[in-house]
Amino acid sequence: MKWVKGLLGLLALGCCASQAPAALRFTEATQKAGIRFTHNNGAFGKKYLPETMGSGVALVDSDGDGDLDLLLVNGTKWPGQSGRATSLALYRNDGGMKFTDVTQAAGLSEPLYGMGVAAGDADGDGDADLYITALGPNRFYRNQGNGRFTDATAEVGLGDSGFGTSAAFLDYDHDGDLDLFLCNYVEWTPAADLWCSLDGKNKSYCTPESYTGQSPRLYRNDGGKFSDVSRAAGILNPIAKALGVALIDFDDDGWTDIAVANDTQPNSLYRNLGGGRFAEQGLEAGIAFAEDGAVRGAMGIDAADYDGSGRASLVIGNFANEMIALYHNEGGGFFIDEAPRSEVGRKSLLTLSFGCFFFDADLDGRLDLLVANGHVDDDIQTVQREVSYAQPPHLFRNLGGGKFQEATREAGAALAEPKVGRGAAYGDLDGDGDLDLVITTNGGPAHLYQNQSEPTGKWITLKLVGTQSNREGVGAKVRLKSSAGWQVQWVKSGSSYLSESQRSLTFGLGSAKPEQVEVRWPSGRVETYTGLAAGRSHTLQEGTGKATPPK
């Protein structure tokens, strides 16, 4: 089978062979965009475990005007602690890479110790609702469609009281509405905080191994209210310590499976059996452990077809001295970690990786990889001289054939600046077709990076609207045929770490021309769309077989 894999690699590499590689460049646009956000982790010397974990970011059209707004999750002060209570922040996109803080006007200024965010049209009215994970209870904010949100947590039954981390909306039962998968971390309260030390003298942050885990949860959407179906669905795992979730149809049967990154516990892969049931197959699939059989400190996760094989593979960010995992989908339900023999593994050995995702940075038709890094101990260099607290992110350029090359420094000094990275998301924030970046930091500012790579390839962006399927088409498989061959992406929620990237799919074309798009909807309907021009965004509505430009 090696010759088949090699041929696929050559086909993927040949996508844009006629075009010279773009000079990757991301410039910091945070200040000029009007983003004035600083994450509050609540730290005041006690070294509570949750202080090391947050926080997330979502790029979502919160007001329905067609562009991506920026939601930044925040912590707050601990009970009894002096200082100002803080809330999440919502910045409205005013165009031209300018943003305005509309948190209070939007009804989102309630203080809470937030962690992550998932965005999705949970009630099917065409607007993106928000689910904020936190040191429980979590919050569900219903989008009223006028730039305002209301707290409907109690009404819909999503006030989970655990240590919430990442979450994702999905239609696991194909009934046309969005359900919710929630990652929970460990059993922790201020009263139950443990004393740990790196040097035997001073308190440090404890590892999750010191705490009892909490199970992830699956909430079924029953038409306005959600029911916890974790046990019946086969999701319960009280030792999970879940931090990241990625939606992945790894067996290509049309049913959305769920991959979970667990911290110091085996990673999970829940195969969707249909009928509302899942079977956990992480061990059989080869993603539960490292090659040496050890568990790793897994944080962020994403799924994508990065090598042109037509199958979704996985990337998982791990703790320092463990390297990133790059699980290639070999077919037949089995994955092999390619990181140890890849530059992705070699360059990430000393970094601690949180947010991570595949995206096409230069629009050449090959998915690149962004990883946000940063340690959890601010004094880590006292015991490990080669490991730093603030760390540069990784930007790996996809060379084709499943090969990556680190291009962080090439992409600019701003992106390569060491930071205590956590959440990360991508989206076209300035409306020019290429994908910009947002990286959050723990206890520090959020960073907005404008993509100014030149020359980038052609592009096409597709927004799906379901009719029989869920309205956002989450779970749809989209295949694009161009003069260079086929590409495939899936409409998804979640991924990365505590974060949500743009829902629309951006396909880089290099110098190729789009010919047709094939969509396999969650309903099972398969439709082909033709006549789609490059350099534009198109809306594909289920049941029409026709694409329409955005309003």
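Residues 1410 to 1960 in the numbering used here are what the sequence shown lists, from first letter to last. Ideal placement from N, C-alpha and C gives every residue a C-beta, glycine not left out.
1) My guess is that Thr1621 and Asp1771 are in contact by the Cβ rule of under 8 Å, so how many angstroms apart are they, rounded?
2) Does Lys1414 come out as helix, strand or coil in the three-state DSSP assignment?
3) Compare the Cα-Cα distances from Lys1886 to each of Asn1851, Val1935, Gly1919, Ala1577 and report the closest residue.
4) Are Ala1528 and Ser1902 touching if we call contact CB-CB under 9 Å?
5) By a C-beta neighbour count over all protein chains shown, 10 Å radius and 16 as the cutoff for buried, is Ala1543 buried or exposed?
6) Which residues bound the beta strand (DSSP E) around Glu1936?
7) Give the DSSP-derived three-state secondary structure of Leu1419 in the structure shown.
8) Rounded C-beta distance between Gly1702 and Thr1673? I'm assuming under 8 Å.
9) Using only CA atoms, which one of Tyr1715, Ala1834, Leu1521 lies nearest to His1737?
10) Report buried or exposed for Ala1600, applying the criterion of at least 16 other Cβ atoms within 10 angstroms of its Cβ.
11) Could you compute how far the alpha carbon of Gly1516 sits from the alpha carbon of Arg1548?
12) In the DSSP assignment, find the unbroken beta strand (DSSP E) run with Ala1498 in it and report its ends.
13) Taking the continuous alpha helix (DSSP H) assigned at Glu1693, which residues delimit it?
14) Going by C-alpha distance, which of Pro1520, Asp1777, Ser1946 is nearest Ala1835?
15) Under three-state DSSP, which class holds Ile1444?
16) With DSSP as the reference, please indicate the residues paired to Ile1848 in a beta bridge.
17) Taking only the alpha-carbon atoms, compute the straight-line gap between Glu1352 and Asp1580 and give it to the nearest angstrom.
18) Provide the residue(s) that pair with His1947 in DSSP beta bridges, ordered along the chain.
19) Identify whether Glu1519 lies in helix, strand or coil by the three-state DSSP scheme.
20) For Ala1543, does the three-state DSSP call read helix, strand or coil?
21) Under the three-state reduction of DSSP, which class applies to Glu1460: helix, strand or coil?
22) Report the start-end ranges of each beta strand (DSSP E) in the region 1643-1712 that is 3 residues or longer and not cut off at the edges.
23) Would you mind sorting Asn1782 into buried or exposed? The rule is 16 or more other CB atoms within 10 Å of its CB.
24) Check whether chain B comes within 9 Å of Leu1804, counting only Cβ atoms and requiring the distance to be less than that.
25) Is Ile1789 helix, strand or coil by DSSP?
Here's the rundown:
1) Position 212 of the sequence shown, counted from the start, is the residue given in the question as residue 1621. Position 362 of the sequence shown, counted from the start, is the residue given in the question as residue 1771. Thr1621 to Asp1771, Cβ: 45 Å. No contact.
2) Residue numbering aside, residue 1414 sits at position 5 when the sequence shown is read from its first letter. Confidence at Lys1414 is low in this model, with a pLDDT of 41, below 50, so its placement is unreliable and no value can be given for it.
3) Taking the first residue of the sequence shown as 1, we reach residue 1886 at position 477. Measuring from the Cα of Lys1886, the nearest candidate turns out to be Val1935.
4) Position 119 of the sequence shown, counted from the first residue, corresponds to residue 1528. Position 493 of the sequence shown, counted from the first residue, corresponds to residue 1902. Cβ atoms of Ala1528 and Ser1902: closer than 9 Å.
5) Position 134 of the sequence shown, counted from the first residue, corresponds to residue 1543. That one is buried.
6) Stepping through the sequence shown from its first residue, residue 1936 is reached at position 527. Run containing Glu1936: 1935-1939, per the beta strand (DSSP E) assignment.
7) Taking the first residue of the sequence shown as 1, we reach residue 1419 at position 10. Per-residue confidence for Leu1419 stands at a pLDDT of 38, beneath the threshold of 50, marking its modelled position as unreliable; the derived number appears in the next sentence. Leu1419: helix per DSSP, three-state reduction.
8) Numbered from 1 along the sequence shown, position 293 holds the residue referred to as residue 1702. Numbered from 1 along the sequence shown, position 264 holds the residue referred to as residue 1673. Under the criterion of beta carbons closer than 8 Å, Gly1702 and Thr1673 do not qualify as touching, at roughly 14 Å.
9) As a position in the sequence shown, residue 1737 is number 328, starting the count at 1. It is Tyr1715 whose Cα lies nearest to the Cα of His1737.
10) Looking up residue 1600 in the sequence shown gives position 191. Classification for Ala1600: exposed.
11) The count along the sequence shown starts at 1 and reaches residue 1516 at position 107. The count along the sequence shown starts at 1 and reaches residue 1548 at position 139. Going from the Cα of Gly1516 to the Cα of Arg1548 covers about 13 Å.
12) Your numbering for residue 1498 matches position 89 in the sequence shown. Run containing Ala1498: 1498-1502, per the beta strand (DSSP E) assignment.
13) Counting from one through the sequence shown, the residue named residue 1693 turns up at place 284. Residues 1691-1694.
14) Against the sequence shown, residue 1835 aligns to sequence position 426. Inspection of the sequence shows that residue 1835 is occupied by Tyr rather than by Ala. The candidate whose alpha carbon is nearest that of Tyr1835 is Asp1777.
15) Translated into the one-based positions of the sequence shown, residue 1444 becomes position 35. It is coil, neither helix nor strand.
16) By one-based count along the sequence shown, residue 1848 stands at place 439. According to DSSP, Ile1848 bridges with Ala1833, His1856.
17) Look at the range of the chain in this structure, 1410 to 1960, and you will see that residue 1352 is not part of it.
18) Numbered from 1 along the sequence shown, position 538 holds the residue referred to as residue 1947. Its beta-bridge partners are Leu1871.
19) To locate residue 1519, count along the sequence shown from 1; it is residue 110. Coil, per DSSP.
20) Looking up residue 1543 in the sequence shown gives position 134. Residue state, collapsed to three classes: strand.
21) Your numbering for residue 1460 matches position 51 in the sequence shown. DSSP places Glu1460 in helix when its eight states are reduced to three.
22) 1651-1657, 1666-1671, 1677-1683, 1686-1689
23) Counting from 1 along the sequence shown, the entry for residue 1782 is found at position 373. The residue is buried, with at least 16 neighbouring Cβ atoms inside 10 Å.
24) Among the chains of the structure shown, chain B does not appear; only one protein chain is present.
25) Stepping through the sequence shown from its first residue, residue 1789 is reached at position 380. DSSP places Ile1789 in helix when its eight states are reduced to three.
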